[in-house]
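Residue numbers (my numbering), protein chains in the order written: chain A, 1271 to 1419; chain B, 1271 to 1419. Cβ coordinates follow ideal geometry from the N, Cα and C atoms, glycine included.
2 protein chains.
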Amino acid sequence: MVGGTFDPLHDGHKRLLDRSFALAGPGGQVVIGLTTDSFASKKIHPIRPFTVRKEELEHYIADSCLQSSCRIEPLNDRFGSALDEDFDAIVVSEETLPVAVEINKLRKEKNLRKVDIHQISCVLAEDGRWISSTRIYRGEIDVHGHLMQ
Amino acid sequence: MVGGTFDPLHDGHKRLLDRSFALAGPGGQVVIGLTTDSFASKKIHPIRPFTVRKEELEHYIADSCLQSSCRIEPLNDRFGSALDEDFDAIVVSEETLPVAVEINKLRKEKNLRKVDIHQISCVLAEDGRWISSTRIYRGEIDVHGHLMQ
């Protein structure tokens, strides 16, 4: 399981997705929680609509010929179906590691088994700082972390 | 990179090692930090000597036909060479996740790139509690988590 807003889909997101598919492996399934417009609206910058973001995700996955099956589901809160479903691992960024730790705590309280946590280190932009959607929105960098004029 | 005292080598350790080798993959290298007798002596129960623990590790790795190369190095503190070497990922248990987070913090301060963190959920014994060396030493469970009489 992996989650995000993915707007725009940048190299940090791609690293997160690629790793999720690698961990699921052939025959495995990746569940991508994609934030709903309502949940994503809490961000400090405008977000493109769910359907547009979903389509971009689907194109990336199709183009990458990733070998696991994949399901994109709407994410209405930080946890989505991670507190209910049976799955093996959650893949997070440095920013969302605490959410994964909380998910395991809550799963244990519900007598569900804890899942493995894979924390991918963030992809750095040219200036050595993280690539983030906020920085892209501000026009500081592009989706690959190149500095803009 | 992965580390531990591995005394005795139980199913939780084996899960940690198997995953480390799976993540390193064929052609990759796993560095196993094995606590020195001096560092391990801080544990609340007696620990077998470094050489004995190292031999048990080597036997497990040889018997498992794990495909990555492997180096066992002495671990004199919580960090070992993780603050100096260039490597990709650290594999930890639920107990040692905070150490991995601290390693990344210290690496950043040294201008070294952060590494990915893989936190394996603990293997449960028959009674639903973690398998741990302390419980084995106390005679509660065996290395596979079976309850002892």
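Extent of the continuous beta strand (DSSP E) to which residue i belongs
i, result
"B/A1395", "B/A1395 -> no beta strand (DSSP E), and no H or E assigned at all."
"B/I1360", "1359-1363"
Close-in-space but distant-in-sequence residues of the same chain around residue i (CB under 7 Å, 5 per side omitted)
i, result
"B/T1404", "I1314, H1315"
"B/A1310", "T1275, I1317"
"A/D1347", "F1309"
"A/G1409", "M1418"
"B/K1384", "N1374, R1377, K1378"
"A/G1295", "S1338"
"B/H1329", "none"
"B/K1380", "L1353"
Residues near residue i by beta carbon distance below 6 Å, same chain, minus five either side
i, result
"B/P1221", "Only positions 1271 to 1419 of chain B appear in the structure, and residue 1221 of chain B is not among them; the question remains open."
"A/S1290", "V1272, V1300, V1361"
"B/I1302", "V1272, I1342"
"B/G1298", "S1338"
"B/L1376", "L1353"
"A/E1326", "L1279"
"B/T1321", "none"
"B/V1369", "R1348"
"B/S1351", "none"
"B/K1312", "none"
Member of the options whose CA lies at the smallest distance from the CA of residue i
i, options, result
"B/K1324", "B/L1304, B/G1409, B/E1372", "B/L1304"
"B/E1223", "B/D1347, B/V1369, B/L1382, B/E1365", "Residue coverage of chain B in this structure runs from 1271 to 1419, which leaves residue 1223 of chain B outside it and unanswerable."
"A/C1335", "A/A1352, A/D1288, A/P1368, A/D1386", "A/D1288"
"B/S1363", "B/L1394, B/C1340, B/E1379, B/D1333", "B/L1394"
"A/G1398", "A/V1369, A/T1366, A/G1415, A/D1386", "A/G1415"
"A/I1331", "A/C1392, A/E1396, A/K1380, A/H1283", "A/H1283"
"B/E1365", "B/S1351, B/C1392, B/C1340", "B/C1392"
Expected contact under 8 Å - CB spacing of residue i and residue j to nearest Å
i, j, result
"A/I1406", "A/P1278", "6 Å"
"A/I1390", "A/L1293", "Not really, about 10 Å apart at Cβ, beyond 8 Å."
"A/F1349", "A/I1373", "6 Å"
Start-to-end residues for the alpha helix (DSSP H) that takes in residue i
i, result
"B/K1380", "B/K1380 -> no alpha helix (DSSP H), and no H or E assigned at all."
"A/S1501", "Nothing can be reported for residue 1501 of chain A: it is not among the residues displayed for chain A, which extend from 1271 to 1419."
Residue i: CB within 7 Å of a non-hydrogen atom of the ligand FAD
i, result
"A/K1313", "As presented, the structure is devoid of all ligands, the ligand FAD included, so that no description of it is given."
Chain-order list of residues whose beta-carbon lies under 8 Å from that of residue i (same chain, five-residue window excluded)
i, result
"B/V1371", "I1387"
"A/V1413", "P1278, L1279, H1280, D1281, I1401, I1406"
"A/L1367", "I1387, Q1389"
"B/P1319", "D1307"
"A/E1435", "Only positions 1271 to 1419 of chain A appear in this structure, which leaves residue 1435 of chain A out of reach."
Can you check the region 1272-1357 of chain A for any beta strand (DSSP E) of at least 3 residues that lies completely inside it and give the ranges in chain order? 1272-1274, 1299-1305, 1339-1345
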